[in-house]
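S.K.: Protein chains in written order, with my numbering: chain A, 1 to 197; chain B, 198 to 394.
The structure that follows is given in the form of C-alpha cells.
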C-alpha cells in the first residue's frame, strides 16, 4: 500500500519545493491544509495565484510592483539611489524607516564562478537612470560577500568618472555583540574603518 | 509606504498560518512562489484545492481516503484493529511495513481539561465495528501522554468485558539511547516492563 493517498502525496510534494522544507515539515503543512475550512484553503490557493498574476517588476528600479512604476519611484526624489541585489533587500531597508531615496535592484551580483557577468545583471538600467541626470549619490548596498563586494567595486568604477558620489554600507562589529564573539573578518574590518571620536 | 505590496503581504499572511511559520519564513516561501514559473505556482495552488476536494475520511476506520472506504479497510483482514489518535499516526505506522491489520482513528483523545469526553471522539465507531464480530485483538497506539494513556485505559475497560484482547504499544528506553540520557519516565517504565531473557 502506498503510504499517502494521491492528493496528500501531491500536496506534500509541492510543499517540499519551498526553501528549507523537508518531507516531515511538508507533511505538517499538508495536514494543516486538510484541517482548514475549505474557504480558508481557497484563500490560500488564491493568494498564490494572485501573487503570480499581480506582482511584476517596476520598470524603473526593478523592485516588486503592482503597476508599471512602483510606489517608491512614483513619489520619492531620485537624487539618491540605493543599489541592492534583490527585491527582498529593499524590504529589509524599508523596514528601518531610515532611508528616503529610491532603489535600484540588480537581480543578482557579478559571480564569474556561476557564469554571471556584468551584462547579466541590471547594471545598464542603473547607467540609463544616471544618464538622465539628477542623481547625486549611489549607495552600494549589495551583500558583504565576495560577489557583493566585487559588484560594488565594479559599479563604483563605472560611476566615479561620471562625477557621482558612490558610497558603501559600513561594515564592522554588529551592535550588541561581545567583541570575543564577533567574527574575525568583521572585527578586522572594524579596525580598518575605525572612526575618530 | 507600506513595506509589502498587497499581493505579497497577503501571501505572507497565508503562509504564516502554517504551523511553526513566522513572518521571516513566510516571506522566504512567498519569494519562492514569486520566482516560480506560473505553471508551477498553478500546480501548487491546484494541489491545495485538490486536497480539500478529494480527501475525506474512510467511513469505517476514519483514516484519510479518496473514496468512501479506504484502501486499508478494503483489502486487509479485520481481526486486528490498531487504534490511533490521528490519521498521521496511521502513516507513521504504515511506514514501518510491520503491521498488516486495519486501523481505527479516534480523531482525538479524552481530555477533560479541554472539555473532550469519550463521546467527542470516535469510540462509538470502534464499538460498532467490534459488535459486527471477527475482531480478536485491539492494539492501543495512542500517544504515551496523559490523554493517550487515559484513552487507552478507557477503551480497554470497555472492550475487556467483550472478551477482546487489548494490548498497548510497549514503552521503554528508545533503541540507540544511552541510559544516562534516557528520560526518567521512560527509564522507570523500562524497569517495570522488563522482559525475561
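C-beta: ideal position from N, C-alpha, C; glycine also.
Using a Cβ-Cβ cut-off of less than 7 Å, list which residues of the segment 61-74 of chain A approach chain B; keep chain order.
M.R.: 64, 65, 66, 71, 72
S.K.: For residue 11/A, which residues in chain B fall below 7 Å Cβ to Cβ?
M.R.: In the first chain, residue 11/A corresponds to position 11, counting from 1. Near residue 11/A (Cβ distances below 7 Å), the residues of chain B are 244, 245, 248.
S.K.: So that I know if they touch, is there some Cβ in chain B lying closer than 7 Å to that of residue 157/A?
M.R.: Translated into positions along the first chain, residue 157/A becomes position 157. Answer no: the Cβ-Cβ gap between residue 157/A and chain B never drops below 7 Å.
S.K.: Check whether the Cβ of residue 228/B lies closer than 7 Å to any Cβ atom in chain A.
M.R.: Residue mapping note: residue 228/B aligns to position 31 of the second chain, counting from 1. By this cut-off, residue 228/B is an interface position.
S.K.: Suppose only complete runs of 3+ residues qualify. What are the beta strand (DSSP E) ranges in the segment 104-165 of chain A, listed by chain order?
M.R.: 137-140
S.K.: Whose C-beta lies closer than 7 Å to the C-beta of residue 165/A among residues of the same chain, with five residues either side of it excluded?
M.R.: Numbered from 1 along the first chain, position 165 holds the residue referred to as residue 165/A. For residue 165/A, where only same-chain residues beyond five positions count, the Cβ hits under 7 Å are 136, 137.
S.K.: Whether or not the segment 184-194 of chain A and the segment 154-165 of chain A are in contact is what I'm after, with contact meaning three or more pairs of Cβ atoms, one per stretch, closer than 8 Å; do they touch?
M.R.: The segment 154-165 of chain A makes no contact with the segment 184-194 of chain A: fewer than 3 CB pairs, one atom from each, lie closer than 8 Å.
S.K.: Could you tell me whether the Cβ atoms of residue 41/A and residue 249/B are closer together than 7 Å?
M.R.: Translated into positions along the first chain, residue 41/A becomes position 41. Translated into positions along the second chain, residue 249/B becomes position 52. Contact flag set, yes.
S.K.: Indicate whether residue 287/B and residue 260/B have their beta-carbon atoms separated by less than 7 Å.
M.R.: Residue 287/B sits at position 90 when you count from the first residue of the second chain. Residue 260/B sits at position 63 when you count from the first residue of the second chain. Contact flag set, yes.
S.K.: If we ignore side chains and look at the alpha-carbon of each, how far apart do residue 103/A and residue 189/A end up?
M.R.: As a working mapping, residue 103/A is identified with position 103 in the first chain. As a working mapping, residue 189/A is identified with position 189 in the first chain. If you take the alpha carbons of residue 103/A and residue 189/A, they lie about 26 Å apart.
S.K.: Take the Cβ of residue 280/B as the centre, count every other Cβ of all protein chains shown within 10 Å, and call the residue buried at 16 or more, exposed below.
M.R.: On the second chain, position 83 is the one that residue 280/B refers to. With 16 or more other Cβ atoms within 10 Å, it is buried.
S.K.: Within the segment 199-287 of chain B, note down every full beta strand (DSSP E) run reaching 3 residues or more, in order along the chain.
M.R.: Fully enclosed beta strand (DSSP E) runs of 3 or longer: 277-281.
S.K.: Could you tell me the distance, in whole angstroms, from the CA atom of residue 263/B to the CA atom of residue 126/A?
M.R.: Here residue 263/B corresponds to residue number 66 of the second chain, with the count starting at 1. Here residue 126/A corresponds to residue number 126 of the first chain, with the count starting at 1. Using only the alpha carbons, I get a separation of about 54 Å.
S.K.: Measure from the C-beta of residue 38/A to each C-beta in chain B and report whether the shortest distance is under 7 Å.
M.R.: Along the first chain, read from residue 1 onward, the residue named residue 38/A stands at position 38. Yes, residue 38/A counts as interfacial toward chain B.
S.K.: Between the Cα of residue 253/B and the Cα atoms of 111/A, 33/A, 97/A, which residue gives the shortest distance?
M.R.: Start at 1 with the first residue of the second chain, and residue 253/B comes out as number 56. Measuring C-alpha to C-alpha distances from residue 253/B to each of 111/A, 33/A, 97/A identifies 33/A as the nearest.
S.K.: Given a threshold of 16 other Cβ atoms within 10 Å of its Cβ, counted over all protein chains shown, does residue 241/B qualify as buried or as exposed?
M.R.: Translated into the one-based positions of the second chain, residue 241/B becomes position 44. Answer is buried; the Cβ neighbour count reaches 16.
S.K.: Using DSSP bridges, identify the partner residues of residue 299/B.
M.R.: Within the second chain, numbered from 1, the residue matching residue 299/B stands at position 102. Note: residue 299/B sits in a beta bridge opposite 278/B.
S.K.: So if DSSP puts residue 167/A in a beta bridge, which residue, or which two residues, is it bridged to?
M.R.: As a working mapping, residue 167/A is identified with position 167 in the first chain. BP columns for residue 167/A point to 139/A.
S.K.: For residue 88/A, return the contacting residues in chain B, with the cut-off set at a CB-CB distance below 8 Å.
M.R.: Taking the first chain and counting its residues from 1, one reaches residue 88/A at position 88. Going along chain B in sequence order, the residues near residue 88/A (Cβ under 8 Å) are 224, 228.
S.K.: Quick one: residues in its chain with C-beta nearer than 7 Å to the C-beta of residue 227/B, no 5 flanking neighbours on either side, listed in chain order?
M.R.: Here residue 227/B corresponds to residue number 30 of the second chain, with the count starting at 1. Once the five neighbours on either side are set aside, the close Cβ partners of residue 227/B are 205, 208, 209, 212.
S.K.: Taking the straight line between their C-alpha atoms, what separation do you get for residue 366/B and residue 23/A?
M.R.: For the purposes of this step, residue 366/B is taken as residue 169 along the second chain, with counting starting at 1. For the purposes of this step, residue 23/A is taken as residue 23 along the first chain, with counting starting at 1. Their Cα atoms are separated by approximately 26 Å.
S.K.: What is the DSSP secondary structure of residue 173/A, reduced to helix, strand or coil?
M.R.: Along the first chain, read from residue 1 onward, the residue named residue 173/A stands at position 173. Coil.
S.K.: How many Å lie between residue 118/A and residue 193/A at the Cα?
M.R.: As a working note, residue 118/A is residue 118 in the first chain. As a working note, residue 193/A is residue 193 in the first chain. C-alpha separation (whole angstroms): 28 Å.
S.K.: Tell me which residues share the same chain as residue 273/B and place their Cβ nearer than 7 Å to its Cβ, disregarding the 5 neighbours each side in the sequence.
M.R.: The sequence position of residue 273/B within the second chain is 76, counting from 1. Only 297, 298, 299 meet the Cβ criterion.
S.K.: If I follow the unbroken alpha helix (DSSP H) through residue 386/B, where does it start and stop?
M.R.: Here residue 386/B refers to the residue found at position 189 when the second chain is read from its first residue. 381-389 is the span of the alpha helix (DSSP H), which, as asked, contains residue 386/B.
S.K.: Output yes if chain A places a C-beta closer than 7 Å to the C-beta of residue 215/B; else output no.
M.R.: Taking the second chain and counting its residues from 1, one reaches residue 215/B at position 18. Interface residue, yes.
S.K.: With 16 as the cutoff for other CB atoms within 10 Å, does residue 106/A come out buried or exposed?
M.R.: Translated into the one-based positions of the first chain, residue 106/A becomes position 106. Counting other Cβ atoms within 10 Å of its Cβ, residue 106/A reaches 16 or more and is therefore classed as buried.
S.K.: Apart from the five residues on each side of it in sequence, which residues of its chain come closer than 6 Å, Cβ to Cβ, to residue 142/A?
M.R.: As a first step, residue 142/A is located in the first chain; it is residue number 142 there, counting from the start. Taken in chain order, the residues that qualify are 85, 109, 148, 151, 152.
S.K.: I need the DSSP call for residue 394/B, collapsed to helix, strand or coil.
M.R.: The residue labelled residue 394/B in the question sits at position 197 within the second chain. Shown here, residue 394/B sits in coil according to DSSP, grouped into three states, outside any helix or strand.
S.K.: Using the Cα positions of residue 20/A and residue 224/B, report the straight-line distance between them to the nearest angstrom.
M.R.: Taking the first chain and counting its residues from 1, the one referred to as residue 20/A is at position 20. Taking the second chain and counting its residues from 1, the one referred to as residue 224/B is at position 27. If I take the Cα positions, the gap works out to 13 Å.
S.K.: Is any beta-carbon of chain A found at less than 7 Å from that of residue 281/B?
M.R.: Position 84 of the second chain, counting from 1, holds the residue named residue 281/B. No, residue 281/B does not count as interfacial toward chain A.
S.K.: List, in order along the chain, the chain B residues whose C-beta lies closer than 8 Å to that of residue 43/A?
M.R.: The sequence position of residue 43/A within the first chain is 43, counting from 1. Chain B residues near residue 43/A: 211.
S.K.: Chain A beta carbons: is any one of them nearer than 7 Å to that of residue 221/B?
M.R.: Translated into positions along the second chain, residue 221/B becomes position 24. Output row for residue 221/B: interface = no.
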